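Participant: Numbering (our numbering), first residue to last: 1 to 708. All C-beta atoms, glycine included, are put in the ideal place defined by N, C-alpha and C. All of these numbers come straight from a predicted model, not from anything done at the bench. Submitted below is the structure of interest, expressed as structure tokens.
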């Protein structure tokens, strides 16, 4: 009786558990179906036009005008009967081997495996998409990783089921093979066969077919020109997948994997129908693509609407200046990299990546190269701004231009004229681009503090460079234009950006404009700007002077190393690189000039002024009809007369840090002539060298002697 009672009780418990489990499962299924239906009802509409068109993005200017469509000029559409069976087999084997067995356009086994991987990884980003879902993704959705949500995946699945009912497997495969991006502004395997091998798809051998099929996954990563090892690894994966899928024999497999991956490849070449607009804008477009990818998008496969910050007229002008005879470059091999930024928002207005560029889409862009030294143009950012920011130095701070040897070495530092001038003010040292005062300043501030300060403005300086970075650190014209933009914008830094907005096909809009970041006090920015005005009016940058325009800027020259001079003795006395970075309240421009390699030549003659003259002409164009705005002196800056020798200047001090007259002993007044009818009081403390500040008052002359 007792046993029966226990068995009966246990049976009831089991039934109860089963009932509740079944109920929970059904509730889960119903909830899942309901959630799926809720998400699916807002799915976008898929048309055949969307399925057949390339997945590239359109670039628009800030006023809503279409600039261009990425890759639209390179596409050879292959209809299903023109796609070789071997190419179809390669794509299906590596991308979706159960493609023909998916009645609903979904692969349950793949989805289950993906779901398990996602659960283990605690996210939903792992891919479970077959070819049909990938086609949907390329046609109507963004490939942004942040959009891999349950809502998006539910809509992908729903649309995949829809088009599986509307189109045959052969049609879906045709759409997919023609839509995928294959690098170098080419779309589809038909275009890729022509671009990479100069053949129609039917003429490709097995290894070449597998190479192209493998590139569908990541055309840049598996680029056979740039990354042949990666390309071969991926090609062999495709070949193995074809073998396991019984699409090729073991003999064919063994023969194909032995073929060098670059067999039959055409040399990298340009796009013959490359438009003039595309040629002018190429460096800008390249950075748009890079920036979109950094933000998690695939601009070639996502049908994005990208609003870019280009000013096309300014871009045209910059390109023309770089490639015409208006700027006196030494010869045709002399190169340039230049960037124009709006300092108030960080928008990159225009950029030029070189002179006499080849018709190669997304070619080398010298405006963003970071392997060239800036020379003295880094001084305001790394040396003097931190000195004002952290030590409250004035523009009249006395610096020592005397023999200097880098600590721990026997390397003596020289100025450009191989002279030492003794005590000089910070203003004079910056205007005349003296090296020793700059290095001593960074040493006084602290190298670590200096590089942290520069990093806030996008310039990364390696610690191993040491104090020599004070007179030259590696940076690009893009970075320098952004950093100087912070000086132009009252100390607020905006990271230079090419994209202001991205809209995805499903209507999601992302805006990238920001309010910027304050990286220095307004007093620091103003005082540096005031000194850099003098660089142009009476210092090392006089070739950049524009009449009746408030502007500031700094030159930069880089010397050859001893080893380089030994190899090219005729280069002695000429600059290896020449820079100019300048700005107004509305624009910041940084220009680099030089040669790609030493053997290309040296900068000589008027070519030494090319950077300044390019800046001058470009800024003149930009500021036409823009007025002549000047910077407003903040309340935290005090201006005071300063006498050094016979010269009187207005020097700037951080409020609260204006030097007080020293405690001194009053001497007897010196008798003056009756005609002068004035009293003179002389304060003197010692006979050491001194800087004199003279202040005139009614009927009294007072001299203060400050000892440094």
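1) Using DSSP's beta-bridge definition, name the partner residues of residue 580.
2) Just to confirm the assignment, what range does the alpha helix (DSSP H) spanning residue 323 have?
3) Under three-state DSSP, which class holds residue 397?
4) So, using beta-carbon positions, are residue 180 and residue 210 closer together than 8 Å?
5) Looking at residue 589: is its Cβ nearer than 8 Å to the Cβ of residue 481?
6) What residues are listed by DSSP as bridge partners for residue 465?
7) If you drop the 5 nearest sequence neighbours on each side, which residues of the same chain put their C-beta closer than 7 Å to that of residue 390?
8) Quick one, are the C-beta atoms of residue 600 and residue 372 less than 8 Å apart?
9) Using the Cα positions of residue 214 and residue 234, report the straight-line distance between them to the nearest angstrom.
10) Just to confirm before moving on: does the CB-CB distance between residue 169 and residue 100 stay below 8 Å?
11) Is there contact between the segment 243-261 and the segment 83-101, where contact requires at least three CB pairs shorter than 8 Å?
12) Does the beta-carbon distance from residue 309 to residue 336 come in below 8 Å?
13) In three-state DSSP terms, what is residue 537?
14) Taking residue 496 as the reference, which of 182, 551 and 478 has the closest Cα?
15) What residue range does the alpha helix (DSSP H) around residue 240 cover?
16) By Cβ distance below 6 Å, which residues in the same chain neighbour residue 120 in space, the five residues on each side in sequence not counted?
17) Looking at the secondary structure, which residues open and close the alpha helix (DSSP H) in which residue 567 lies?
18) By Cβ distance below 8 Å, which residues in the same chain neighbour residue 156 in space, the five residues on each side in sequence not counted?
19) Could you check the C-alpha separation between residue 568 and residue 598 for me, to the nearest Å?
20) Going by alpha carbons, who is nearest to residue 546 out of 98, 163, 583 and 291?
21) List the endpoints of the continuous alpha helix (DSSP H) containing residue 450.
22) First and last residue of the beta strand (DSSP E) that includes residue 501?
23) Ignore the nearest five residues each way along the sequence and tell me which others in residue 604's own chain have a CB closer than 6 Å to its CB.
24) Could you please give me the residues that DSSP links to residue 337 through a beta bridge?
25) Tell me the rounded alpha-carbon separation between residue 241 and residue 64.
26) Quick check on DSSP: helix, strand or coil for residue 605?
27) List the DSSP bridge partners of residue 653.
28) Are residue 173 and residue 131 close, meaning C-beta to C-beta below 8 Å?
29) Closest by CA to residue 302, which one among 558, 199, 459 and 50?
30) What residues in its chain sit with their C-beta under 7 Å from that of residue 204, if we drop five residues either side in the sequence?
31) Does the count of Cβ pairs from the segment 363-370 and the segment 497-514 closer than 8 Å reach three?
32) Name, in chain order, the residues that DSSP records as bridge partners for residue 305.
33) Mind reading off the beta-carbon distance from residue 394 to residue 554? Whole number of angstroms is fine, and I expect it under 8 Å.
34) DSSP three-state call for residue 300: helix, strand or coil?
35) Find the nearest neighbour of residue 628 within the set 552, 243, 475 and 459, judged by alpha-carbon distance.
36) Grab me the residues of residue 55's own chain with a C-beta within less than 6 Å of its C-beta, minus the 5 sequence neighbours each way, in chain order.
Facilitator: Taking the definition as stated:
1) In DSSP, residue 580 forms a bridge with 555 and 591.
2) 312-323
3) coil
4) no
5) yes
6) Answer by DSSP bridge pairing: none, since residue 465 is not bridged.
7) 445 and 449
8) Not a contact, by the Cβ cut-off of 8 Å.
9) 6 Å
10) yes
11) Yes, the segment 243-261 touches the segment 83-101.
12) no
13) Taken through DSSP and simplified to helix, strand or coil, residue 537 comes out as helix.
14) 478
15) 228-244
16) Reliability fails at residue 120, whose pLDDT of 48 lies under 50, so the model's placement of it is uncertain and the value that follows must be treated cautiously. Here the set comprises nothing.
17) 562-567
18) Within its own chain, the residues whose Cβ lies closer than 8 Å to the Cβ of residue 156, once the five positions on either side in sequence are excluded, are 129, 133, 136, 137 and 141, listed in chain order.
19) 8 Å
20) With distances taken between CA atoms, residue 546 lies nearest to 583 out of 98, 163, 583 and 291.
21) 447-455
22) 499-503
23) 330 and 574
24) 592
25) 46 Å
26) helix
27) According to DSSP, which records beta bridges pairwise, residue 653 is partnered with 638.
28) yes
29) 50
30) Correct list, in chain order: 193 and 197.
31) no
32) 58 and 503
33) That belief does not hold up - the Cβ atoms of residue 394 and residue 554 are roughly 19 Å apart, past 8 Å.
34) Here residue 300 carries a coil assignment [DSSP, helix/strand/coil].
35) Looking at the Cα atoms, 552 is the closest of the given residues.
36) If we look at residue 55 and ignore the five residues flanking it on each side, its Cβ neighbours are 138, 179, 301 and 303.
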